[in-house]
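Visitor:
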Amino acid sequence: MELQEKFDAVIAHHDRIEPRDWMPDGYRRTLIRQIAQHAHSEIIGMQPEGNWIGRAPSLRRKAILLAKVQDEAGHGLYLYSACETLGISRDELVELLLSGKQKYSSIFNYPTLSYADVGTIGWLVDGAAICNQVPLCRTSYGPYGRAMIRICKEESFHQRQGYELLRTMMSGTEEQRAMVQESVDRFWWPSLMMFGPPDTESPNSAQSMAWGIKRNSNDELRQKFVDMTVPQADALGVTLPDPALTWNDERGHYDFGEPDWAELTAVIRGDGPCNAQRLAHRRAAHDDGAWVREAALAFRAHEDGTAPVVHDAADAFGDRS
Ligand SMILES: [Fe+2]
Ligand SMILES: [Fe+2]
29 MELQEKFDAV IAHHDRIEPR DWMPDGYRRT LIRQIAQHAH SEIIGMQPEG NWIGRAPSLR
89 RKAILLAKVQ DEAGHGLYLY SACETLGISR DELVELLLSG KQKYSSIFNY PTLSYADVGT
149 IGWLVDGAAI CNQVPLCRTS YGPYGRAMIR ICKEESFHQR QGYELLRTMM SGTEEQRAMV
209 QESVDRFWWP SLMMFGPPDT ESPNSAQSMA WGIKRNSNDE LRQKFVDMTV PQADALGVTL
269 PDPALTWNDE RGHYDFGEPD WAELTAVIRG DGPCNAQRLA HRRAAHDDGA WVREAALAFR
329 AHEDGTAPVV HDAADAFGDR S
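The number in my numbering is simply the position in the sequence shown, starting from 1, with 28 added.
(1) Who are the near neighbours of alanine 101 in its chain, counting only those whose CB is closer than 8 Å to its CB and skipping five residues on each side?
(2) Quick check on DSSP: helix, strand or coil for aspartate 332?
(3) Can you tell me the Cβ-Cβ gap for methionine 207 and serine 142, rounded? I've got them flagged as a contact below 8 Å.
(4) Per DSSP, threonine 274 forms a beta bridge with which residues?
(5) Which value, in whole angstroms, describes the spacing of the CA atoms of leucine 94 and threonine 196?
(6) Does the Cβ of aspartate 154 lie closer than 6 Å to at least one heavy atom of ligand 2?
(7) Counting beta carbon pairs with one atom in the stretch 178–187 and one in the stretch 242–253, are three or more of them shorter than 8 Å?
(8) What did DSSP end up calling glutamate 33 once you bin it into helix, strand or coil?
(9) Let me check you understand the geometry: is the CB of histidine 103 closer than 6 Å to at least one non-hydrogen atom of ligand 1?
(10) Check each candidate in Gln251, Ile81, Ile158, Met198 and name the one with the smallest Cα separation from phenylalanine 185.
(11) Less than 6 Å between the CB of histidine 314 and some heavy atom of ligand 2, yes or no?
(12) Around the C-beta of alanine 238, are 16 or more other C-beta atoms found within 10 angstroms, so that it is buried, or is it exposed?
(13) Measuring CB to CB, does glutamine 130 end up less than 7 Å from glutamine 209?
(14) Which residue from Glu202, Glu30, His41 puts its Cα closest to that of proline 401?
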């Protein structure tokens, strides 16, 4: 009872809960699920763009894309570390992803069909991520909030590189402009779905907000993203594929159409265009990397003096040929 009161007081004061503090089981479980899902999204999110590293149109574009994809790997690692402070191991988290028991963001189940998609993902997908994540810098769990501060700085670079790429293409040929428009047409609605279902269909949101984990509702964040993005689309010269999109003077916000929620449900269920491919690729990468993990463990055991020195790698790890 006393512990609960202490916890409630910290939340009421907008202070941070730290790993060694007492916390309700539900708070811990919710955080593990949310941070893990976030970490998985960063790692799976490397795939759609990684698809274009080998086909970047110039050395400059390749260097930018490599740096961006590498940042996403780093985000995944900060977040797995933050999640581990809640008492779950990295191995368990990876297993929950690979077995499909935990999800990652639905947006990464869409394919990248042209180089314009690299720009569109930076602009819209990283842009939506920023809207979601900036309030998380003030989330009530200390390690998560601190990881988000660093991540958000890098996300804003991601968004700008995407926008700069699209601007370059929009000042190019007719064909390049058409390529950008086609890409924006495909990514607009899935980007709006990144904020999750409407508030009326999001039963856990109220509890997450009461715990200070979430600071804004799904619909608030979606509105913020639309308001931020429409003027950027105008400056770019692209049309957002929503005939209902208009400025509402009374509300002081843009009105916009309803995303296809049945599509979101299907993609989350596993029936998106790339779900099977993304998980298969991740599993293969995990299996291919097994020797690195074994080698790291053997090296640590050797350093700790708990294992004999092995000079022949085949003896230590078995012959893998
Ligand atoms: Fe990221
Ligand atoms: Fe990013």
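Here a beta-carbon is modelled for each residue, glycine too, at the ideal position from N, C-alpha and C. In this text, all values refer to a predicted model and were calculated from it rather than measured experimentally.
Guide: To lay it out plainly:
(1) Glu70, Ile71, Met74
(2) coil
(3) 5 Å
(4) Asp283
(5) 19 Å
(6) yes
(7) no
(8) helix
(9) yes
(10) Ile158
(11) no
(12) exposed
(13) no
(14) Residue 401 cannot be examined here, being either before or after the span of the chain that is shown, 29 to 349.
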